[in-house]
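Report on the following structure.
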Amino acid sequence: MSGTKLPDAGSLASRGMSCPVPAADGDRVLLGHGSGGKLSAALIRDRFLPRFSNPALAQLGDGAAVDLGTERMAISTDTFVVSPLEFPGGDIGLLAVHGTLNDVAMMGAEPVCLSTGFVLEEGLSLTLLDRVLESMAEAARQAGIPIVTGDTKVVERGKADGMFINTTGVGRLRDDFRPAPDRACPGDAVLVSGPIGRHGIAVMAVREGLGFEVDVESDTAHLGPLVENLYAACGAQVRTLRDPTRGGLASALNEIAATSGVAISLAGKVIPVPVPVAAACEVLGLDPLYVANEGVLVAIVAEEAAEAALKALRAHPTGGGAALIGEVREGPSGMVTLRTGLGGSRVVDMLPGDQLPRIC
Amino acid sequence: MCLGIPGKVTEVYGSDGLPMGMVEFGGVRREVCLAYVAEEVEPGDYVIVHVGFAISRVDEEEARRTFKLLEELSELDELEWMKEVAEQSLAGLEAPDPGAGRNRSGGNTP
Amino acid sequence: MKFLSEYRDPELATALVKRIRTLSTRRWTLMEVCGGQTHTIVKQGILDVLGDAVEMIHGPGCPVCVTPLEQIDRALHLAGRPDVIFTSFGDMLRVPGSECDLFQVRARGGEVQVVYSPLDALELARAHPDREVVFFAVGFETTAPANAMAVWQARELGIGNFSVLVSHVTVPPAMTAILESSDNRVQGFLAAGHVCTVMGWEEYEPIAESYRVPIVVTGFEPVDILEGIWMAIRQLEEGRSEVENQYARSVRRDGNRPARDIVSKVFELVDRQWRGIGEIPMSGLGLRDDFAAWDAEKKFDLQEIRATEPEECRAGDVLRGRIKPIECAAFGTTCTPENPLGAPMVSSEGACAAYWGYARYRGADAGGEEAAVKSTELRS
Chain A
1 MSGTKLPDAG
11 SLASRGMSCP
21 VPAADGDRVL
31 LGHGSGGKLS
41 AALIRDRFLP
51 RFSNPALAQL
61 GDGAAVDLGT
71 ERMAISTDTF
81 VVSPLEFPGG
91 DIGLLAVHGT
101 LNDVAMMGAE
111 PVCLSTGFVL
121 EEGLSLTLLD
131 RVLESMAEAA
141 RQAGIPIVTG
151 DTKVVERGKA
161 DGMFINTTGV
171 GRLRDDFRPA
181 PDRACPGDAV
191 LVSGPIGRHG
201 IAVMAVREGL
211 GFEVDVESDT
221 AHLGPLVENL
231 YAACGAQVRT
241 LRDPTRGGLA
251 SALNEIAATS
261 GVAISLAGKV
271 IPVPVPVAAA
281 CEVLGLDPLY
291 VANEGVLVAI
301 VAEEAAEAAL
311 KALRAHPTGG
321 GAALIGEVRE
331 GPSGMVTLRT
341 GLGGSRVVDM
351 LPGDQLPRIC
Chain B
1001 MCLGIPGKVT
1011 EVYGSDGLPM
1021 GMVEFGGVRR
1031 EVCLAYVAEE
1041 VEPGDYVIVH
1051 VGFAISRVDE
1061 EEARRTFKLL
1071 EELSELDELE
1081 WMKEVAEQSL
1091 AGLEAPDPGA
1101 GRNRSGGNTP
Chain C
2001 MKFLSEYRDP
2011 ELATALVKRI
2021 RTLSTRRWTL
2031 MEVCGGQTHT
2041 IVKQGILDVL
2051 GDAVEMIHGP
2061 GCPVCVTPLE
2071 QIDRALHLAG
2081 RPDVIFTSFG
2091 DMLRVPGSEC
2101 DLFQVRARGG
2111 EVQVVYSPLD
2121 ALELARAHPD
2131 REVVFFAVGF
2141 ETTAPANAMA
2151 VWQARELGIG
2161 NFSVLVSHVT
2171 VPPAMTAILE
2181 SSDNRVQGFL
2191 AAGHVCTVMG
2201 WEEYEPIAES
2211 YRVPIVVTGF
2221 EPVDILEGIW
2231 MAIRQLEEGR
2241 SEVENQYARS
2251 VRRDGNRPAR
2261 DIVSKVFELV
2271 DRQWRGIGEI
2281 PMSGLGLRDD
2291 FAAWDAEKKF
2301 DLQEIRATEP
2311 EECRAGDVLR
2321 GRIKPIECAA
2331 FGTTCTPENP
2341 LGAPMVSSEG
2351 ACAAYWGYAR
2361 YRGADAGGEE
2371 AAVKSTELRS
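Residue numbers (the numbering used here), protein chains in the order written: chain A, 1 to 360; chain B, 1001 to 1110; chain C, 2001 to 2380.
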């Protein structure tokens, strides 16, 4: 019967003009390098680490522990480049204060103070600047942490997306509370402090020009009080704390699994995802596991402390939706898997770069 | 080729000569072009949306019918399991674990 | 979400799996045509749940994966032009061309923007009359009505600074091509539910009859897919080869008439290259002459751009269901999600990307460095 015969792929037309962009592959910074996924990890591992190498840095936590003699100091820095500057539930200022306070808290440290540096774009509205500064002041006030020093620069129109903010936080480390990314052990419980995906969806809805309205606000919050509750309830049994920002829950867990040399197994059904976040993800073809959060923490605690930890999280409003979502296993090292609602399994891998809306 | 999501039409209007609508997907809202379902759709109906276009109106009657069939399948399983439990306990054996009952595959092995 | 969540019910899924296992007297081999169906199968762990009952071969239903290398290179060229705003669905951004991808073009200053709908691209053209807006019109028949409407509206509204770079393919010729292969193992198909929402299923009837294969038009949620598999196996066990419709809540036999009308006014059937497979005659859509003014291939000089595939890339064999991704020598070694050789490793539902996670789970160590070891282990 007649039909279509498939020709050799090799019989295609010979090579002529190729992509006209001159330089060789991989010689430029890509957006993916900032996404918190594999490209980011490679950039840091291959270019930054070898040049700055020292034991504190090698830990690759969100912050570093530095010995001051009688005390140990925690220090963490973060730069905020979100666009738009204001979004449902917050603004860049709130992120800047909460984000760094959270990184310090994830090390188990008591925050002491913040510094902040601004890069302002020529032409930025001063009223907007005021709103952002007010947000920062209020957030710092509520946390009881002073912003003790700062710096401001202005760059030409077009060079700073409105404004970029860097904040650095300093904290006091405690001897009896040292959560770290390499401390997860087989048998440990994996907890999340609340529903995931809110920040990323809230921002995406207004940024990408994708034209969606969502009933979702950023979850940006200071997680310090949650961490204090965990410390009071479980102390040294808290192995790892991490706030899953860029790259979402999946990236954070992949990093922890790799750093600790363990596997993590999740129960898909119990991971809390708010309905509008799930709906937005369905429509855009996104996976909530990779969407950014700014007011959620992941806690890996010893098995016997799981119940107490859950209770401690739920005792605070920010942790009201806390859930036990999985456990740590022997291996394969670095692997994160998830049991689906149907009882099947899937691997939750690190993405190479940012997650993109898809049509397929 | 593929990502088509069901949503509820909440408003219908015209724009640039095209029938458009607001569609709600569980807490997410977007403007959708209704040009391809205009004849059959009004507010309250569900449509399948792909890249901002409604490509079909969800046939709720059809959906109900096939869903019912599936539910009956599932209930049949439950009845079978209950029957097995009854038979085995009559035979004096231990009843199988209630949780495991639903996941047993019965019948011929392929 | 209504009409979505119900089709993820684990109890219904379990009941269907049980029926499938009970019904099969042998291990049948089915192909799900659509990438979105592959995505669900992998993401929901359906292969685990099915176990050995059925072999699922992932078909070439990934318009991203089959867009020819040349067309990607043309897209990259256009995106690099300073007078162009290049718009695209998100899926296309990481697909590798001969030298780079759209992300890298953006890094070098090209203006590349992700849009959700082709009408958004048209809006962009209206908002920027001093720039040329090009939209990468990729897809199967599902997306053709949307892309057609964007072009139609451009003409209606007199928007001249808008054009589309077309890479549309149609499903039935691909299915026929697969069935014609001498080493074809596919015994039944799950046809793409949203393609058929637009096109109906009339054109599949002659295929089912000539090649004596059951074809079940299937949806995208786990219960849909399992029900589709069950219906296909039931046909095979009963010796039938018909077209059946599992996705009755969305698909009718003649599909969506108004959509098909606009598509045939704007597009016509043309021969198309399928990346990694080659040319399949009359398997694609191209803009009709009436709409030449909105055809990026006519508006811009793109004729000189030609390309050949990297030899190692066996995307074609994977897309035809001839080999599983892990059987490709480059899998996990020179070809990984960060450095893909071909589109099936990039696209989120491309078979190779789907297997990347799945194969690793099946028993090897994590980490790209160990990929070489594991891919040997898995093959032996």
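We put the CB at the ideal spot given by N, CA and C, even for glycine.
**Buried or exposed (CB count within 10 angstroms, at least 16 for buried), residue 2075/C** = Answer is buried; the Cβ neighbour count reaches 16.
**Prompt:** If you drop the 5 nearest sequence neighbours on each side, which residues of the same chain put their C-beta closer than 8 Å to that of residue 2090/C?
**Reply:** Hits under 8 Å: 2114.
**Message:** Can you tell me whether residue 334/A is helix, strand or coil according to DSSP?
**Reply:** In the three-state DSSP reduction, residue 334/A falls in the coil class, being neither helix nor strand.
**Asked** Is the CB of residue 2043/C under 8 Å away from at least one CB in chain A?
**Response** Among the residues facing chain A, residue 2043/C is included, as its CB has a counterpart in that chain under 8 Å away.
**Asked** Taking the C-alpha atoms as reference points, what is the distance between residue 2020/C and residue 2062/C?
**Response** Rounded to the nearest angstrom, the two C-alpha atoms are 27 Å apart.
**Prompt:** How far does the alpha helix (DSSP H) with residue 2213/C in it reach, from first residue to last?
**Reply:** Counting along the chain, residue 2213/C falls outside any alpha helix (DSSP H), and DSSP gives it neither H nor E.
**Request:** Compute the Euclidean distance between the alpha carbons of residue 176/A and residue 187/A, then round it to the nearest angstrom.
**Result:** Using only the alpha carbons, I get a separation of about 21 Å.
**Item:** Reduced DSSP secondary structure (H/G/I, E/B, other) of residue 1050/B
**Value:** Look at residue 1050/B here: in three-state DSSP terms it is strand.
**Message:** Among the candidates 2277/C, 2346/C, 2078/C, 2350/C, whose CA atom is the shortest distance from the CA of residue 2096/C?
**Reply:** Nearest to residue 2096/C by C-alpha distance, out of 2277/C, 2346/C, 2078/C, 2350/C, is 2346/C.
**Asked** Any beta-carbon of chain A closer than 8 Å to the one on residue 2093/C?
**Response** For residue 2093/C, the answer is yes, since a Cβ of chain A falls inside 8 Å of its Cβ.
**Request:** Alpha carbon to alpha carbon, how far is residue 2320/C from residue 2401/C? Give it in angstroms, no decimals.
**Result:** With chain C represented from 2001 up to 2380, any question about residue 2401/C goes unanswered, as that position is not in the structure.
**Message:** Is the separation between the beta-carbon of residue 2079/C and that of residue 2110/C shorter than 8 Å?
**Reply:** Annotated as proximal: residue 2079/C and residue 2110/C, with beta-carbon spacing under 8 Å.
**Request:** Could you tell me the distance, in whole angstroms, from the CA atom of residue 281/A to the CA atom of residue 134/A?
**Result:** Going by the C-alpha atoms only, they are around 32 Å apart.
**Message:** Using beta carbons (cut-off 8 Å, strictly below), is residue 1002/B in contact with chain A?
**Reply:** Yes, residue 1002/B lies at the interface with chain A (some Cβ there is under 8 Å from its Cβ).
**Prompt:** With 8 Å set as the bound, which would you pick, yes or no: does the beta-carbon of residue 359/A sit closer than that to a beta-carbon of chain B?
**Reply:** For residue 359/A, a Cβ of chain B is located within less than 8 Å of the residue's own Cβ.
**Request:** Work out the CA separation of residue 2100/C and residue 25/A for me, nearest whole Å.
**Result:** In this predicted model, residue 25/A has a pLDDT of only 46, less than 50, meaning its place in the structure is not dependable; the value taken from the coordinates is given anyway. Rounded to the nearest whole angstrom, the C-alpha separation of residue 25/A and residue 2100/C is 6 Å.
**Request:** State the CB to CB distance for the pair residue 2223/C and residue 2012/C, rounded to an integer number of angstroms; the pair is presumed to be in contact (CB under 8 Å).
**Result:** Indeed they touch by this definition, with Cβ atoms about 5 Å apart.
**Prompt:** Quick one: what does DSSP say residue 1013/B is sitting in, helix, strand or coil?
**Reply:** Residue 1013/B falls in the strand class under three-state DSSP.
**Close Cβ partners of residue 288/A (< 7 Å) along its chain, the five nearest in sequence each way excluded** = Answer for residue 288/A: 196, 197, 273, 277, 278, 281, listed in chain order.
**Asked** residue 294/A: buried (16+ other C-beta within 10 angstroms of its C-beta) or exposed?
**Response** Here residue 294/A is buried: its Cβ has 16 or more other Cβ atoms, across all protein chains shown, within 10 Å.
**Item:** Per DSSP, cross-strand counterpart(s) of residue 2245/C
**Value:** 2217/C, per the DSSP bridge assignment.
**Request:** Please list the partners that residue 2062/C has in chain A, where partner means a Cβ-to-Cβ separation under 8 Å.
**Result:** Residues of chain A whose Cβ lies closer than 8 Å to the Cβ of residue 2062/C are, in chain order, 360.
**Of the residues 284/A, 314/A, 99/A, the one placed nearest residue 139/A, counting alpha carbons only** = Among 284/A, 314/A, 99/A, the Cα nearest to that of residue 139/A is on 99/A.
**Asked** Taking all protein chains shown into account, do 16 or more other C-beta atoms lie within 10 angstroms of the C-beta of residue 235/A, making it buried, or fewer, making it exposed?
**Response** It counts as exposed.
**Item:** Residue span of the beta strand (DSSP E) that contains residue 299/A, given as start and end
**Value:** Counted as a single uninterrupted DSSP element, the beta strand (DSSP E) harbouring residue 299/A occupies residues 298 to 301.
**Message:** Looking at chain C, is there any beta carbon in it that lies within less than 8 Å of the beta carbon of residue 1090/B?
**Reply:** Nearest CB-CB separation between residue 1090/B and chain C: not below the 8 Å threshold.
**Message:** Please tell me whether residue 2199/C and residue 2260/C are closer than 8 Å, where the distance is taken between their beta carbons.
**Reply:** A contact, by the Cβ cut-off of 8 Å.
**Asked** Going along the chain, which residues of its own chain have a beta-carbon closer than 8 Å to the beta-carbon of residue 2317/C, five neighbours each way excluded?
**Response** Correct list, in chain order: 2276, 2323, 2328.
**Prompt:** Comparing alpha-carbon positions, which option in 342/A, 344/A, 348/A, 323/A lies nearest residue 335/A?
**Reply:** Comparing alpha carbon positions, the residue from 342/A, 344/A, 348/A, 323/A closest to residue 335/A is 348/A.
**Item:** Residue from 162/A, 358/A, 106/A with nearest C-alpha to residue 63/A
**Value:** Among 162/A, 358/A, 106/A, the Cα nearest to that of residue 63/A is on 106/A.
**Message:** Short of 8 Å in beta carbon distance, which residues of its chain neighbour residue 21/A, apart from the five on each side in sequence? Order them along the chain.
**Reply:** Its pLDDT being 30, under 50, residue 21/A is placed unreliably in this model, and the value from its coordinates should be taken loosely. Correct list: empty, nothing qualifies.
**Request:** Please determine, among 2040/C, 2032/C, 2145/C, 2024/C, the residue with the shortest C-alpha to C-alpha distance to residue 1052/B.
**Result:** Ranked by Cα distance from residue 1052/B, the first of 2040/C, 2032/C, 2145/C, 2024/C is 2145/C.
**Prompt:** Would you call residue 2120/C buried or exposed, if buried means 16 or more other Cβ atoms sit within 10 Å of its Cβ?
**Reply:** By the 10 Å Cβ count, residue 2120/C comes out buried.
**Item:** Pair within 8 Å by beta-carbon distance, residue 179/A and residue 239/A
**Value:** Going by C-beta atoms, residue 179/A is nearer than 8 Å to residue 239/A.
**Request:** Using a Cβ cut-off of 8 Å, pull out every chain A residue sitting near residue 1942/C, in sequence order please.
**Result:** Missing from the structure shown is residue 1942/C; chain C here goes from 2001 to 2380 and no further.
**Request:** Tell me whether the beta-carbon of residue 1011/B lies closer than 8 Å to the beta-carbon of residue 1004/B.
**Result:** In this structure, residue 1011/B sits away from residue 1004/B, with a CB-CB distance that is not shorter than 8 Å.
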